[in-house]
Amino acid sequence: MSLPPSDKDAVLARVREALRLPARIPHVEGSVSDTIPLLPSKREVTRWLPAVGPTFEERFALFAAQAAALKAEVIRVATPDDVPLCLAQLAKDEGWETSKPGAIAAHPGLHSQAVVEKAGFIPFLVVSGYDKAALEGCVAGVTACEALVAQTGSVLVTSKESGGRALTVLPPHHVVVATAAQLVPDLPAAFERLREVHGKALPSMISFITGPSRTGDIERILVLGAHGPKRLTILFVG
3 MSLPPSDKDA VLARVREALR LPARIPHVEG SVSDTIPLLP SKREVTRWLP
53 AVGPTFEERF ALFAAQAAAL KAEVIRVATP DDVPLCLAQL AKDEGWETSK
103 PGAIAAHPGL HSQAVVEKAG FIPFLVVSGY DKAALEGCVA GVTACEALVA
153 QTGSVLVTSK ESGGRALTVL PPHHVVVATA AQLVPDLPAA FERLREVHGK
203 ALPSMISFIT GPSRTGDIER ILVLGAHGPK RLTILFVG
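First residue of the sequence shown: 3, per our numbering; consecutive thereafter.
What follows is the structure, given as structure tokens:
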């Protein structure tokens, strides 16, 4: 069914008027026209997010609460020596099949390979030339991270510090080892930390993990593990 001439002319007139407006420059705040509003300010955006307290304990409590609301598990330990013990207990409680070497995936590093080995397991190491099918068959993947975001309960991972692109995605249970120094209040602070650590040579993959993988596409029913790990556990030292 076609529009009456008057309605059609009105619609086309609006389109022609809109096309006269210059396009906004991506990622730049500001208005290109008096008729186009400015991008929302930081204050307007953050008012929808919980306030972040000034103390470390307040920030940790907020992170733990936000992560738990998203069905992630946060386990706090006192010292780095407690992390392997906690991982071994987690494997026992979850009934991981670890009788064969390589059941738990890791990447070289203090907060990944070393943790898995000290827990008494022989890790599947994600290094150059590894088998992605074998990685997918692991019961869990243990990685380091760049930061934890208190305001959103998110884990910031990168290809450089978290074993590449696949280790945080393919195993069904992702275990993150983090320290107190990595806890930041909000997303801007997380990006500031990235710049402090990496300077201009930012990693090729930067990702925020906010709870385990999920979807609600089918009849709005929440399903975990649809596009990645079904479980997310953060072992927090501090």
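In this text, a Cβ means the ideal position worked out from N, Cα and C, and glycines have one as well.
(1) Measuring CA to CA, which of 62, 231, 109 and 67 is closest to residue 161?
(2) Identify every residue that forms a DSSP beta bridge with residue 75.
(3) Give every residue of the same chain whose Cβ lies closer than 7 Å to the Cβ of residue 85, excluding the five residues on either side of it in the sequence, and list them in chain order.
(4) Closer than 6 Å by C-beta to residue 2: which residues in its own chain qualify, once you throw out the five before and the five after it? Chain order, please.
(5) Among 157, 56 and 167, which has the Cα closest to the Cα of residue 2?
(6) Give every residue of the same chain whose Cβ lies closer than 7 Å to the Cβ of residue 103, excluding the five residues on either side of it in the sequence, and list them in chain order.
(7) Which stretch, first to last residue, makes up the beta strand (DSSP E) that contains residue 176?
(8) Based on the DSSP output, what are the partners of residue 150 in its beta bridges?
(9) Can you tell me whether residue 122 is buried or exposed? The criterion is at least 16 other CB atoms within 10 Å of its CB, across all chains shown.
(10) Go ahead and pull the three-state DSSP assignment for residue 212.
(11) Given a cut-off of 9 Å, decide if residue 76 and residue 188 are closer than it, judged by their beta-carbon atoms.
(12) For residue 100, which three-state DSSP category applies?
(13) For the structure I just gave you, are there three or more beta carbon pairs, one from the stretch 93 to 101 and one from the stretch 64 to 76, closer than 8 Å?
(14) Per DSSP, what are the beta-bridge partners of residue 106 in this structure?
(15) Looking at residue 177: is its Cβ nearer than 9 Å to the Cβ of residue 235?
(16) Quick check on this structure: which residue in 16, 147 and 153 has the alpha carbon closest to the alpha carbon of residue 58?
(17) Just reading off the alpha helix (DSSP H) that residue 202 is part of, what are its end residues?
(18) Would you mind reading off the limits of the alpha helix (DSSP H) that contains residue 168?
(19) From residue 70 to residue 164, what distance separates their C-alpha atoms?
(20) When the Cα of residue 126 is compared with those of 52, 112, 105 and 145, which residue comes out closest?
(21) So the alpha helix (DSSP H) residue 128 belongs to, where does it begin and stop?
In short, the structure shows the following:
(1) Sequence index remark: in the sequence shown, residue 161 carries index 159 (1-based). Taking only the C-alpha atoms, the option nearest residue 161 is 109.
(2) For this step, residue 75 is matched to residue 73 along the sequence shown. Beta-bridge pairing links residue 75 to 235.
(3) Locating residue 85 in the sequence shown gives position 83, counting from the first residue. If we look at residue 85 and ignore the five residues flanking it on each side, its Cβ neighbours are 79, 117, 179, 237 and 239.
(4) Here the chain comprises residues numbered 3 to 240, so residue 2 is not present and cannot be evaluated.
(5) What the structure shows of the chain is the stretch from 3 to 240, and residue 2 is not part of that stretch, so it cannot be assessed.
(6) To locate residue 103, count along the sequence shown from 1; it is residue 101. Around residue 103: 124.
(7) The sequence position of residue 176 within the sequence shown is 174, counting from 1. 175 to 181 is the extent of the beta strand (DSSP E) around residue 176.
(8) If you number the sequence shown from 1, residue 150 lands on position 148. Its beta-bridge partners are 157 and 185.
(9) Here residue 122 corresponds to residue number 120 of the sequence shown, with the count starting at 1. That one is exposed.
(10) Taking the sequence shown and counting its residues from 1, one reaches residue 212 at position 210. Of the three classes helix, strand and coil, the one that applies to residue 212 here is coil, per DSSP.
(11) Here residue 188 refers to the residue found at position 186 of the sequence shown. Here residue 76 refers to the residue found at position 74 of the sequence shown. For residue 188 and residue 76, no; Cβs fall outside 9 Å.
(12) On the sequence shown, residue 100 is found 98 positions in, with the first residue counted as 1. DSSP places residue 100 in coil when its eight states are reduced to three.
(13) no
(14) On the sequence shown, position 104 is the one that residue 106 refers to. Beta-bridge pairing links residue 106 to 142.
(15) Taking the first residue of the sequence shown as position 1, residue 177 is located at position 175. Taking the first residue of the sequence shown as position 1, residue 235 is located at position 233. A contact, by the Cβ cut-off of 9 Å.
(16) As a working mapping, residue 58 is identified with position 56 in the sequence shown. If we check each option's Cα against that of residue 58, 153 comes out closest.
(17) Taking the sequence shown and counting its residues from 1, one reaches residue 202 at position 200. Looking at the DSSP string, residue 202 is not in any alpha helix (DSSP H), and its letter there is neither H nor E.
(18) Start at 1 with the first residue of the sequence shown, and residue 168 comes out as number 166. Run containing residue 168: none; DSSP gives neither H nor E here.
(19) Here residue 70 refers to the residue found at position 68 of the sequence shown. Here residue 164 refers to the residue found at position 162 of the sequence shown. Going by the C-alpha atoms only, they are around 22 Å apart.
(20) The sequence position of residue 126 within the sequence shown is 124, counting from 1. Checking every option, the nearest Cα to that of residue 126 belongs to 105.
(21) Sequence index remark: in the sequence shown, residue 128 carries index 126 (1-based). Neither: residue 128 is in no alpha helix (DSSP H) and is coded neither H nor E.
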